[in-house]
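Only one structure is covered here, and it is reproduced in the block below.
This is the structure in structure tokens:
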């Protein structure tokens, strides 16, 4: 996963440190990630989520809010409103690069910030919150014992996560006034709420409040035993996989093709990456990808060509068995077909030169209360699969230039 580091001006002009994680495969969409309160762009959860999305073709921009991590500025002078302003600045920086974001992801207070920012941004199709508070003012419970000092003196130093931070009065007052109700009501994007029931920093009731206030489409997924920062790699990976799968429902992730209008009966394969092997396969409204493994110069973003042939054989076998069992009203409850492919020397081929033939090994598993005769008959029916017959007999291919 290639990464580009750069800076951009934040809400007050300070240079903010950013990391843009780019896909190895063609870039299909862009996401913007907002980290948790007093954290940084390099928190484990952010890194893992960015890597997973990049594998899908989604570039991810992570950056440090003003005064945090490697960004310039004074943290004591920031507020919830300034965080939202930094998100707008990050969106502008991406847009200037021709990579306007369509997905926003926010962790903890960053989740509250993306909810506020999303309702004010154009082109956002999906928003994800992770352990986010329904009320941004919730964050002050982390330093509740120091609040009187902050309000009396204008600022005070607090210890959060073992590190010292100066919290200003403006931050406390601003976050106390922040309200996400209107932002949720006007959110014109799909929403995914991720939260852990055992989160002791931001209780699960916050997820319920966010979810109930938002309009459809919306989804909620529990993070089971995860802690607030998702310090366990397995929890971060689960969140990353969930986001990646869910995002594909709302953000187009199919590589562009030459035309959406194909003559009936035509399947079109279009090269996507001239420097690799990735191909987009279109048949009517359906898209799949073909590629080669990274070991031979591909990006492993789809089945290999022989993998697709094997898939056709396996699918056709299963369908043929099902059609026969359905017609006979036999108690077949499930089928799965394992296919392997290799080439072996054709010692019996009628040629002087040593050649190889393709061998597809097929193992069929039948589920259900079938007797031995029924199982044997279904095994015989598998050989009548049309793709089986095509592969077993020679096929003729004609080729011409368009």
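In the numbering used here, the protein residues as written are 80 to 481.
Built from N, CA and C at the ideal position, the CB exists for glycine as well.
Going by C-alpha positions, residue 479 is about 38 Å away from residue 401. By the Cβ criterion, the segment 267-284 is not in contact with the segment 232-249, since fewer than three pairs of Cβ atoms, one from each stretch, lie closer than 8 Å. Taking residue 120 as reference, the option from 128, 111 and 142 with the minimal CA-CA separation is 142.
If you draw a 10 Å sphere on the C-beta of residue 354, you find fewer than 16 other C-beta atoms in it, and that means exposed. According to DSSP, residue 422 shares a beta bridge with 437. DSSP places residue 218 in no alpha helix (DSSP H); its state is neither H nor E. Residue 99 sits buried, since 16 or more C-beta atoms from the chains shown fall within 10 Å of its C-beta. The beta carbon of residue 323 sits closer than 7 Å to those of 131, 132 and 135, all from its chain and outside the five residues before and after it, given in chain order. Two segments are said to touch when three or more pairs of C-beta atoms, one from each, lie closer than 8 Å; by this definition the segment 246-253 does not touch the segment 273-290. Cβ contact annotation for residue 466 (same chain, cutoff 6 Å, sequence separation greater than five): 391, 392 and 395, in chain order. By the neighbour-count criterion, in which a residue is buried when 16 or more other Cβ atoms sit within 10 angstroms of its Cβ, residue 375 is exposed.
Straight-line measurement puts the Cα of residue 90 at about 47 Å from the Cα of residue 362. Straight-line spacing of the CA atoms in residue 416 and residue 447 works out to 15 Å. When rounded, the separation of the alpha-carbon atoms in residue 316 and residue 199 is 30 Å. Per DSSP, reduced to three states, the secondary structure at residue 442 is strand.
For residue 174, the closest alpha carbon among the candidates 219, 128 and 110 is that of 110. Within the same chain, Cβ atoms closer than 6 Å to the Cβ of residue 194 are found at 259 and 262, the five residues on either side in sequence being excluded. Here residue 438 is exposed. Its C-beta has fewer than 16 other C-beta atoms within 10 Å. The bridge partners DSSP lists for residue 103 come to none. Straight through space, the alpha carbons of residue 460 and residue 403 are spaced by roughly 8 Å.
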